[in-house]
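K.L.:
Dumping the structure here so I can ask a few things about it.
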Amino acid sequence: MLSFTVNDDFNKKLADIVGKDHVEEIEQRGYLAAQIVSHRHKKQMTQQELATAINVAKSTIGRLEAGLTQPNYQTLLSLSRALDTPLTIDAKYDDRQIAKI
């Protein structure tokens with residue numbers, strides 16, 4: 001099982017430097033990346049298989065899963081279909097042990 005954990009102490013210090021909104025965006029990117037990886041693993045798909053299924057380069061999947069890039073709307077829809085999982089947008093997460101998916 002994949003999990004994404006937020007380090008509150010580190011994030012508080014980082015927020016003092018770069019701002020709370022920026023830290024929250026980074027957390028959301030990590031959460032989304034963890035969900036993509038988790039659902040891909042559940043489907044027993046390789047990055048290449050997922051990339052082929054949604055018609056993108058394997059490197060795109062790698063960057064999405066590393067949180068280095070964010071999918072556009074069409075890519076999100078394609079991921080949802082290929083991973084057979086509903087597209088749910090939830091920017092409000094209370095549980096700091098995120099993504100026990």
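Per the UniProt record's numbering, the very first residue in the sequence shown carries number 1; after that it's consecutive. Glycine is no exception: its CB is placed at the ideal position from the N, C-alpha and C atoms.
1) How is Gln48 classed by DSSP in three states: helix, strand or coil?
2) Should Ala53 and Ala34 be called a contact, given that it needs their Cβ atoms to be closer than 8 Å?
3) DSSP three-state label for Met60, please.
4) If you reduce the DSSP assignment to three classes, tell me which class Asp95 lands in.
5) Rounded to whole angstroms, how far is the Cβ of Leu77 from the Cβ of Leu64, which I believe are closer than 8 Å?
6) Taking Glu25 as the reference, give the member of Gln70, Arg40, Gln44 with the closest Cα.
P.N.:
Short version:
1) helix
2) Cβ distance not < 8 Å, so Ala53 and Ala34 don't count as in contact.
3) As written in the sequence, residue 60 is Thr, which differs from the Met given in the question. Of the three classes helix, strand and coil, the one that applies to Thr60 here is helix, per DSSP.
4) Confidence at Asp95 is low in this model, with a pLDDT of 49, below 50, so the placement of that residue should be treated as unreliable; the coordinate-derived value is given next. The answer is coil: DSSP assigns Asp95 none of H, G, I, E or B.
5) About 14 Å; that fails the 8 Å criterion.
6) Gln70
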